[in-house]
Amino acid sequence: MIYIHAIGIHNTVPGEKLPDLTGELKSIGASNRRSDHFIQLAVIGAHKAAEGHKLWEQTAVYMTSGQGNTAVFNRVCEALRIQKNLPKPVDFINLLSNSAGFYVAAHLGLHGKNLFLSHHHFPVQMTLLTAQNDITLGRQKAILAGGVDEWLPRQDLARKLSGVSETTALGEGSNWLLLSSQQEGAIATFELTGKWLKEDELQKLLTAEVKNNQSSIAFARRVPAAKAAGIMSQYPEFKRYNYEESCAYYETLSFYALNSFLGGNKKGRLLHIDASAGYYMVMVVEIIPAKI
Amino acid sequence: MKGSLDEVLKRRLKEMIITECEKEDITAADVPDDVILFSDDCGLALDSLDALQIAVGLQNQFGVRIPDSKSFRRHVTTINALADFIQPE
Chain A
13 MIYIHAIGIH
23 NTVPGEKLPD
33 LTGELKSIGA
43 SNRRSDHFIQ
53 LAVIGAHKAA
63 EGHKLWEQTA
73 VYMTSGQGNT
83 AVFNRVCEAL
93 RIQKNLPKPV
103 DFINLLSNSA
113 GFYVAAHLGL
123 HGKNLFLSHH
133 HFPVQMTLLT
143 AQNDITLGRQ
153 KAILAGGVDE
163 WLPRQDLARK
173 LSGVSETTAL
183 GEGSNWLLLS
193 SQQEGAIATF
203 ELTGKWLKED
213 ELQKLLTAEV
223 KNNQSSIAFA
233 RRVPAAKAAG
243 IMSQYPEFKR
253 YNYEESCAYY
263 ETLSFYALNS
273 FLGGNKKGRL
283 LHIDASAGYY
293 MVMVVEIIPA
303 KI
Chain H
418 MKGSLDEVLK
428 RRLKEMIITE
438 CEKEDITAAD
448 VPDDVILFSD
458 DCGLALDSLD
468 ALQIAVGLQN
478 QFGVRIPDSK
488 SFRRHVTTIN
498 ALADFIQPE
């Protein structure tokens, strides 16, 4: 088990065009030079998690994304393949996975490890699992872990890349957690079992969880609605946490589910269930009640 | 006409540098013709990544290929020198 010290939420439903983040960047004292929308999203979300906290300068940055810096990828491909020109060097550099993490670290004055983790099935869980392992093993003292996905004007392409239906409303977000092994000052605990659970193993976990009668459950969008409803009727002891009403879909939305629960409640325990390739992963956060 | 005498070309070069290097707070009029671009006196505060951006901008917008850093340092000194390199006659 590790501890969550802060959350940062940037979650928007753009509608028809990409929101301009320049004003928000200026307000937090960040430069938009050489950055692009994806990087700007990362900086704004991470800033919100770090705001008001004196970060240890060796704090690591662990970041993930479902689709990555897709707009810049398109621009580089267009320059190379269609215009038959060289891509802009800055675009090429920003296309490298770790670039966004570099901009986050530079903005926050961090000099720790910078890791970008990509995973087809469970990007959020695998990033947090890596963070949990590195903190538990003492390899990192503090980690700023986040997930970033940008809204694409070409929504047909975005839906195809995400594997969601043609009617799914798409959003964008940058959600971050400040993690550490230290209990002092923490707002919640975080726990994730690394194993991908089969159906019977999920049932076993939920049955064992019944004893915590304050637990809520959130489902990732990939869990079929019928499956989620089935679990809720099978386990009436649990409350369903509906975070979906305040957001549209992006691949790292699971980060938002955790953060919105932590930001909107004074106590409680949340099980976040995600599914892919016939397996489940369950993340558990529990709010530490504030001392009066 | 030599490039250093061609005001239109020099303006295009300055605008390309400002755009490629994302120096939106500077206008073409602020960039002097005869000051070393990569010096403190120029006011552009360019670095090595800007040099790469300028090299690619020259290739994409002016069809001029600068093959290596030695060649870049020789030709991309001042706006006048760069203009003469692009348009010698």
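So the sequence lines, in the order shown, correspond to chains A and H.
Counting along the first sequence from 1, when you hit position 73 you're at 85 in this note's numbering, and nothing is skipped either side.
Counting along the second sequence from 1, when you hit position 16 you're at 433 in this note's numbering, and nothing is skipped either side.
Backbone N, C-alpha and C fix where the C-beta goes; we use that ideal spot for every residue, glycine too.
Can you list the residues of chain H that P165 of chain A reaches, using a CB-CB cut of under 7 Å?
Here the premise fails: no neighbours, minimum Cβ distance about 22 Å.
Output needed for A198 of chain A: all residues of its chain with C-beta closer than 8 Å, excluding positions within five of it in sequence on either side, in chain order.
Y15, I16, H17, S192 and I300
Assuming P165 of chain A contacts L30 of chain A (C-beta within less than 8 Å), just tell me the rounded distance between them.
6 Å
I243 of chain A and L283 of chain A look like a contact to me (Cβ under 8 Å); what is the Cβ gap, rounded to whole Å?
10 Å between Cβ atoms; not a contact.
Could you list which residues in chain A have their beta carbon closer than 8 Å to that of A497 of chain H, in chain order?
Note that residue 497 of chain H is Asn in the sequence shown, not Ala. Per Cβ cutoff of 8 Å: no residues; N497 of chain H is ~25 Å from chain A at best.
For the segment 97 to 118 of chain A, list every residue whose C-beta sits within 7 Å of some C-beta in chain H, in sequence order.
The residues in question are N97, L98, K100, P101 and V102.
When we look at the beta-carbon of G420 of chain H and count the other beta-carbons within 10 Å, is it buried (16 or more) or exposed?
buried
Comparing the CB of S43 of chain A with every heavy atom of the ligand SAH, is any distance shorter than 6 Å?
Of ligands this structure carries none, so the ligand SAH is not represented either.
Same chain only: Cβ atoms within 6 Å of A455 of chain H, ignoring 5 sequence neighbours per side:
Note that residue 455 of chain H is Phe in the sequence shown, not Ala. The residues are L463.
Are Q52 of chain A and D161 of chain A close, meaning C-beta to C-beta below 7 Å?
No, the Cβ-Cβ distance between Q52 of chain A and D161 of chain A is not below 7 Å.
In the DSSP assignment, the alpha helix (DSSP H) including T148 of chain A goes from what residue to what residue?
Under the DSSP assignment, T148 of chain A falls in the alpha helix (DSSP H) whose first and last residues are P135 to T148.
One question on the structure: do E439 of chain H and I471 of chain H come within less than 7 Å of each other, judged by their Cβ atoms?
no
Should A302 of chain A be labelled buried (16 or more other beta-carbon atoms within 10 Å of its own) or exposed?
Classification of A302 of chain A: exposed, given that the 10 Å Cβ count is below 16.
A54 of chain A: buried (16+ other C-beta within 10 angstroms of its C-beta) or exposed?
A54 of chain A is buried by the Cβ-count criterion.
Where the beta strand (DSSP E) through G185 of chain A begins and ends:
E184 to S192
Just checking: is the beta-carbon of L430 of chain H within a distance shorter than 7 Å of some beta-carbon in chain A?
no
Spell out a yes or no on whether the segment 135 to 154 of chain A and the segment 60 to 72 of chain A are touching, meaning 3 or more CB-CB pairs, one atom from each, closer than 8 Å.
yes
Which ranges would you report for the beta strand (DSSP E) in the segment 198 to 256 of chain A if only whole runs of at least 3 residues count?
200 to 204 and 227 to 231
Do we get a CB-CB distance below 7 Å when we pair N151 of chain A with the residues of chain H?
In the sequence as displayed, the identity of residue 151 of chain A is Arg instead of Asn. Not an interface residue.
Look up L169 of chain A in the DSSP assignment and say whether it is helix, strand or coil.
helix
Using Cβ-Cβ distances below 7 Å, what residues of the segment 457 to 481 of chain H are close to chain A?
So the list reads L466, L469, Q470, V473, Q476 and N477, given in the order they occur along the chain.
For E439 of chain H, return the contacting residues in chain A, with the cut-off set at a CB-CB distance below 7 Å.
R45 and R46
Exposed unless 16 or more other CB atoms sit within 10 angstroms - verdict on M13 of chain A
Per the 10 Å Cβ criterion, exposed.
Would you identify the three-state DSSP class for F455 of chain H, choosing helix, strand or coil?
coil
Going by other Cβ atoms of all chains shown within 10 Å of its Cβ, with 16 needed for buried, is E298 of chain A buried or exposed?
buried
State buried or exposed for V296 of chain A, treating a residue as buried only when at least 16 other CB atoms are found within 10 Å of its CB.
With 16 or more other Cβ atoms within 10 Å, it is buried.
Measure the Cβ-Cβ separation of L129 of chain A and M138 of chain A and say whether it is below 7 Å.
yes
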